[in-house]
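Student:
Protein chains: 2
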Amino acid sequence: MAVTLKEVAERAGVSRSAVSRTFTDGASVSDKMRRKVEKAARELGYSPNALASSLTTGRTKLIGLVSNNFHNPIFLEVFDLFTRGLQERGLRPLLVNLTDETDPENSVRMLRQYSVDGVVVASSTLPPGFAKAFRDAGVPVVHSFGRYSSAPQVHVVGIDNVECGRMAAQALIARGYTHVAFMGGPEDATSTQDRFAGFKSEMVKHPDIQASHSFAEAYSFEAGRKEMLRLIDANPAQAYFCGDDVLSIGALSAIEDSKLRVPEDIGIIGLNDMEMARWENIGLTTIHQPIRQIVTSSIELMVAMLNEPDRYPEARIFPCSVVERGTLRPAP
Amino acid sequence: MAVTLKEVAERAGVSRSAVSRTFTDGASVSDKMRRKVEKAARELGYSPNALASSLTTGRTKLIGLVSNNFHNPIFLEVFDLFTRGLQERGLRPLLVNLTDETDPENSVRMLRQYSVDGVVVASSTLPPGFAKAFRDAGVPVVHSFGRYSSAPQVHVVGIDNVECGRMAAQALIARGYTHVAFMGGPEDATSTQDRFAGFKSEMVKHPDIQASHSFAEAYSFEAGRKEMLRLIDANPAQAYFCGDDVLSIGALSAIEDSKLRVPEDIGIIGLNDMEMARWENIGLTTIHQPIRQIVTSSIELMVAMLNEPDRYPEARIFPCSVVERGTLRPAP
DNA sequence: CGTCATTTTGCAACCGGTTGCAAAATGACG
DNA sequence: CGTCATTTTGCAACCGGTTGCAAAATGACG
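Listed in order, the protein sequences are those of chains A and B. Each residue of the first sequence is one higher than the last, beginning at 11 in our numbering. Each residue of the second sequence is one higher than the last, beginning at 11 in our numbering.
1. Report the residue from B:V166, B:L61 and B:S222 whose alpha carbon sits nearest the alpha carbon of D127 of chain A.
2. Which residue's Cα is closest to the Cα of T306 of chain A: A:A161, A:V130 and A:G195?
3. Could you tell me how far apart the beta carbons of R185 of chain B and A341 of chain B are, in whole angstroms, since I believe they sit closer than 8 Å?
4. Identify, in the order they occur along the chain, each residue of the same chain with its Cβ nearer than 6 Å to the Cβ of N171 of chain B, setting aside the five sequence neighbours on each side.
5. Taking only beta carbons into account, state which residues of the stretch 49-62 of chain A come closer than 7 Å to chain B, listed in chain order.
6. Alpha carbon to alpha carbon, how far is Q123 of chain B from F144 of chain A? Give it in angstroms, no decimals.
7. With contact counted as at least three CB pairs below 8 Å, one residue from each stretch, are the stretch 106-126 of chain A and the stretch 317-336 of chain A in contact?
8. The alpha helix (DSSP H) spanning P319 of chain B covers which residue range?
9. Between R26 of chain A and the rest of its own chain, which residues show a CB-CB distance below 8 Å, the 5 nearest in sequence each way excluded?
10. Opposite C252 of chain B in the DSSP bridges: which residues?
11. Quick check: the Cα distance between P300 of chain B and V190 of chain B, rounded to an integer number of angstroms?
12. Does T295 of chain A come within less than 8 Å of chain B when only Cβ atoms are used?
13. Taking beta-carbon pairs under 9 Å, can you tell me which members of the stretch 207-225 of chain B lie near chain A?
14. Round the Cβ separation of R31 of chain A and S38 of chain A to the nearest angstrom and send it over; I've been treating them as touching at under 8 Å.
15. Output yes if chain A places a C-beta closer than 8 Å to the C-beta of R94 of chain B; else output no.
16. How would you label R235 of chain A, buried or exposed, when you count the other beta carbons within 10 angstroms and need 16 or more for buried?
17. Would the beta-carbon of G277 of chain A fall within 8 Å of that of L294 of chain A?
18. Among B:Q248, B:I242 and B:R321, which has the Cα closest to the Cα of Q220 of chain B?
19. In chain B, what lies closer than 7 Å to S160 of chain A by C-beta?
20. If you draw a straight line from the C-alpha of M238 of chain A to the C-alpha of D198 of chain A, how long is it?
21. Please tell me whether L72 of chain B and R102 of chain B are closer than 8 Å, where the distance is taken between their beta carbons.
22. So, for F85 of chain A: in the same chain, excluding its five sequence neighbours on each side, which residues have a beta-carbon less than 6 Å away from its beta-carbon?
23. Can you tell me where the alpha helix (DSSP H) holding V18 of chain A begins and where it ends?
24. With 8 Å set as the bound, which would you pick, yes or no: does the beta-carbon of R26 of chain B sit closer than that to a beta-carbon of chain A?
25. Entirely within the stretch 188-248 of chain A and at least 4 residues each: give me those alpha helix (DSSP H) ranges in chain order.
26. Under the assumption that V164 of chain B contacts A141 of chain B (Cβ atoms under 8 Å), give the Cβ distance between them as a whole number of angstroms.
27. Can you tell me which residues form a DSSP beta bridge with V131 of chain B?
28. Is the beta carbon of L75 of chain A sitting closer than 8 Å to the one on L121 of chain A?
29. Could you list which residues in chain A have their beta carbon closer than 9 Å to that of D267 of chain B, in chain order?
30. Report the neighbours of F85 of chain B on chain A: residues whose CB is nearer than 7 Å to its CB, in chain order.
31. Pull up the distance between the alpha-carbon of V47 of chain A and that of A28 of chain A, whole angstroms please.
32. Going by DSSP, what residue range makes up the alpha helix (DSSP H) through A37 of chain B?
33. Identify, in the order they occur along the chain, each residue of the same chain with its Cβ nearer than 6 Å to the Cβ of F225 of chain B, setting aside the five sequence neighbours on each side.
34. Can you pull out the residues from the stretch 297-330 of chain A whose beta carbon lies closer than 7 Å to at least one beta carbon of chain B?
35. Of all Cβ atoms in chain A, is any one closer than 8 Å to the Cβ of S263 of chain B?
36. For the stretch 41-120 of chain A, which segments carrying the alpha helix (DSSP H) assignment without a break, of at least 4 residues, lie completely within its bounds, in sequence order?
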């Protein structure tokens with residue numbers, strides 16, 4: 011069906027190598043040859059088969075984009091940024107949905123079958139075992155939104171979740187709340203653990219402030235709502251640091267339904283600053299995570315690894331900051 | 011780096027064909043041979059190179075998943091369903107972001123370079139020229155959420171947008187509104203045109219009801235909000251059929267900010283019934299689009315086309331229905 | 001055990017490209 | 001124009017698989 015190199019070579023009356031060379035940059039071809047080949051290629055509607063060439067070059071320009079967050083709106087932004095960024099660099103994202111996958115080996119096998127040049131793990135909840143399994147299989151890996159560690163085993167690009175937890179705690183303290191709480195995402199996610207650790211570390215410095223915590227089942231609206239309804243039924247705190255924005259919005263919905271006011275009765279601070287947090291009917295006070303920068307940096311790091319596979323692992327951490335909207339009362 | 015067929019063959023002491031046959035189902039291999047090969051493969055950690063095999067079989071199992079809707083939360087659900095559905099059938103989605111692309115030829119070239127077996131266009135706003143360009147290039151195409159036409163040129167799976175416009179109009183009429191309006195998405199999207207056509211066709215039957223219309227710039231929160239603020243400033247209708255849910259939510263935000271009440275002052279009915287419409291702090295009355303069924307059917311159709319490329323084009327249309335929540339006043 | 005049909009196996013060519021090497025062409029210079 | 005360095009070109013082997021065909025192996029049956 012498709013036009014091949016051979017046909018172009020025949021039409022142009024040159025060797026197959028010559029055609030191949032005109033389409034690989036950096037190769038030696040005379041202007042005259044190039045013109046002849048390009049003419050024939052144009053007439054035939056030829057475009058080179060990237061997969062066939064990958065067999066000899068060992069490069070497919072395919073990047074596995076692996077995630078398990080298909081119910082958190084921030085990931086639509088993340089996918090948008092990744093796909094555009096990769097495309098701009100001539101790379102192609104193979105999207106892999108790991109929602110129901112528990113065994114890293116399956117994913118490794120699948121990605122190896124497609125000879126991806128690298129894997130971007132875009133998730134804050136996927137067990138670190140996945141990123142490591144890819145690395146162990148010899149595939150360049152960048153774990154975006156992964157856990158920062160002083161001894162990173164794979165490249166990590168993201169934020170310092172511990173520091174964010176601390177910032178959230180400080181924001182609540184600065185506003186004079188005396189009973190605060192952490193309402194986290196799933197307890198087994200490293201992001202949840204780290205945010206909680208930071209939150210706690212700040213709270214122990216303020217024994218006068220009552221602090222408690224609990225966890226929602228997922229980073230989702232429903233989970234946030236359900237957990238907040240439960241908390242309201244018990245003895246709610248004055249203000250909550252919610253694990254992320256979508257959880258916060260679920261919590262806001264629960265508070266509203268319970269005829270309580272935000273921020274008067276209950277204050278909320280989220281994390282991510284996804285587009286929706288800016289929506290005027292939500293107006294969530296939250297911690298801004300610079301996702302655009304994280305994605306750009308992840309892609310740059312991936313490109314660097316493609317050229318230098320044994321690069322020493324690094325962690326790229328981007329600072330976050332509180333963005334003030336309407337769900338936390340002003341400082342006294 | 012990776013283990014190849016040849017190494018497995020050597021270790022097992024058999025021919026390369028034998029190894030190949032054990033890994034292609036339907037091929038003739040004795041039990042004894044199979045055991046020998048599988049043992050060697052296991053020991054070496056071999057998994058076949060899908061891309062190399064695609065060279066001779068002509069099948070890559072790669073499906074281009076093409077979209078330009080990365081700012082409409084419903085598409086996160088769509089991507090989730092597509093990736094999982096394709097994966098279950100052993101197909102791999104190559105995600106293509108066409109947000110900034112205007113020339114179908116570029117996309118055709120790119121997808122041909124990667125020898126995708128088929129293309130799913132998942133968009134209600136992408137110009138139909140894209141789907142046609144893929145088809146003309148000889149690639150099986152399914153246009154999900156595309157325009158229904160009595161003479162479809164490519165396979166279409168979706169809803170009857172004209173009928174939906176009619177349903178929305180009927181819903182507004184049934185509630186006794188006397189001044190209603192259509193607030194559409196971008197005017198050049200076929201979905202907008204069709205929804206508007208259906209809305210109008212119903213309205214001409216009711217000359218006593220005042221009907222007007224306008225268009226937002228995109229199917230996005232910001233666009234919906236902006237357009238509704240403009241309308242409120244002019245002479246707003248009693249109720250609006252908004253082009254889709256995200257537009258509706260933008261409109262709701264504008265109404266709220268203007269200290270008007272929903273549904274008392276202004277009623278809203280959307281279209282899609284995305285997860286967010288169900289969120290209790292939104293509670294949008296809307297028209298349910300069965301996206302799960304649409305995606306499943308799109309995938310089934312794609313699989314069918316892979317086996318029978320010259321299949322006669324068909325349109326698969328799924329019925330929609332109004333789901334009652336809180337943004338339209340009850341019928342009198 | 002021999003005959004014959006059936007199943008299994010290996011050979012060799014092929015899929016659509018790339019690339020090292022040697023030969024051919026080009027061009028600079030006296 | 002001849003010489004020699006440099007650039008361009010084609011040949012042939014290769015990347016990691018698949019597959020038609022013929023030969024070899026198996027097994028049913030008398």
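Every residue gets a Cβ at the ideal spot worked out from N, C-alpha and C, and that includes glycine. Fair warning: this is a prediction, and the values are worked out from it, not measured in the lab.
Tutor: The structure says:
1. As a first step, residue 127 of chain A is located in the first sequence; it is residue number 117 there, counting from the start. Checked all of B:V166, B:L61 and B:S222; the closest Cα to D127 of chain A is B:L61.
2. Working through the first sequence from its first residue, we reach residue 306 of chain A at position 296. Nearest C-alpha to T306 of chain A: A:V130.
3. Locating residue 185 of chain B in the second sequence gives position 175, counting from the first residue. Locating residue 341 of chain B in the second sequence gives position 331, counting from the first residue. Yes, they are in contact, since the Cβ atoms of R185 of chain B and A341 of chain B sit about 5 Å apart, within 8 Å.
4. Here residue 171 of chain B refers to the residue found at position 161 of the second sequence. Closer than 6 Å at the Cβ level, and outside the excluded window around N171 of chain B, lie S201, D204 and R205.
5. S57, P58, N59, A60, L61 and A62
6. If you number the first sequence from 1, residue 144 of chain A lands on position 134. If you number the second sequence from 1, residue 123 of chain B lands on position 113. The straight-line gap from Cα to Cα measures roughly 26 Å.
7. no
8. For the purposes of this step, residue 319 of chain B is identified with residue 309 of the second sequence, where counting begins at 1. Segment: none, P319 of chain B is in no alpha helix (DSSP H) and carries neither H nor E.
9. Numbered from its first residue, the first sequence carries residue 26 of chain A at position 16. Correct list, in chain order: L15, K16 and A19.
10. Walking along the second sequence from the start, residue 252 of chain B turns up at place 242. Its beta-bridge partners are B:M193.
11. For the purposes of this step, residue 300 of chain B is identified with residue 290 of the second sequence, where counting begins at 1. For the purposes of this step, residue 190 of chain B is identified with residue 180 of the second sequence, where counting begins at 1. Roughly 26 Å separates the two Cα atoms.
12. Position 285 of the first sequence, counted from the start, is the residue given in the question as residue 295 of chain A. For T295 of chain A, the answer is no, since every Cβ of chain B falls outside 8 Å of its Cβ.
13. none
14. Against the first sequence, residue 31 of chain A aligns to sequence position 21. Against the first sequence, residue 38 of chain A aligns to sequence position 28. So it is a contact: roughly 7 Å between Cβ atoms.
15. Along the second sequence, one-based indexing puts residue 94 of chain B at 84. Chain A, which has a Cβ nearer than 8 Å to the Cβ of R94 of chain B, makes this yes.
16. By 1-based counting over the first sequence, the position of residue 235 of chain A is 225. By the neighbour-count rule (16 or more Cβ atoms within 10 Å), R235 of chain A is buried.
17. Reading the first sequence from its first residue, position 267 is the one you call residue 277 of chain A. Reading the first sequence from its first residue, position 284 is the one you call residue 294 of chain A. No, Cβ-Cβ distance for G277 of chain A and L294 of chain A is not below 8 Å.
18. Here residue 220 of chain B corresponds to residue number 210 of the second sequence, with the count starting at 1. Nearest of B:Q248, B:I242 and B:R321 to Q220 of chain B, Cα basis: B:Q248.
19. Taking the first sequence and counting its residues from 1, the one referred to as residue 160 of chain A is at position 150. Residues of chain B passing the Cβ test: none, with the nearest at roughly 30 Å.
20. Within the first sequence, the letter at position 228 stands for residue 238 of chain A. Within the first sequence, the letter at position 188 stands for residue 198 of chain A. For M238 of chain A and D198 of chain A, the distance between alpha carbons rounds to 19 Å.
21. In the second sequence, counting from the first residue as 1, residue 72 of chain B sits at position 62. In the second sequence, counting from the first residue as 1, residue 102 of chain B sits at position 92. In this structure, R102 of chain B lies closer than 8 Å to L72 of chain B by Cβ.
22. Within the first sequence, the letter at position 75 stands for residue 85 of chain A. Once the five neighbours on either side are set aside, the close Cβ partners of F85 of chain A are N79.
23. Sequence index remark: in the first sequence, residue 18 of chain A carries index 8 (1-based). It spans L15 to A22 - the alpha helix (DSSP H) in which V18 of chain A sits, taken as one unbroken run.
24. Your numbering for residue 26 of chain B matches position 16 in the second sequence. Taking Cβ atoms only, chain A never reaches closer than 8 Å to R26 of chain B, which makes this a no.
25. 200-213 and 231-243
26. Working through the second sequence from its first residue, we reach residue 164 of chain B at position 154. Working through the second sequence from its first residue, we reach residue 141 of chain B at position 131. With a Cβ gap of about 5 Å, V164 of chain B and A141 of chain B count as contacting.
27. Along the second sequence, one-based indexing puts residue 131 of chain B at 121. Bridge partners of V131 of chain B: B:V76 and B:H153.
28. Residue mapping note: residue 75 of chain A aligns to position 65 of the first sequence, counting from 1. Residue mapping note: residue 121 of chain A aligns to position 111 of the first sequence, counting from 1. Contact: no.
29. The sequence position of residue 267 of chain B within the second sequence is 257, counting from 1. Here the neighbours are E290 and N291.
30. Residue mapping note: residue 85 of chain B aligns to position 75 of the second sequence, counting from 1. Within 7 Å Cβ-Cβ: L86.
31. On the first sequence, residue 47 of chain A is found 37 positions in, with the first residue counted as 1. On the first sequence, residue 28 of chain A is found 18 positions in, with the first residue counted as 1. C-alpha separation (whole angstroms): 8 Å.
32. For this step, residue 37 of chain B is matched to residue 27 along the second sequence. Careful: A37 of chain B lies outside any alpha helix (DSSP H) and carries neither H nor E.
33. Position 215 of the second sequence, counted from the first residue, corresponds to residue 225 of chain B. The answer, listed in chain order, is G194 and E197.
34. none
35. To locate residue 263 of chain B, count along the second sequence from 1; it is residue 253. Closer than 8 Å to some Cβ of chain A, the Cβ of S263 of chain B qualifies, so yes.
36. 41-54, 60-67 and 84-98
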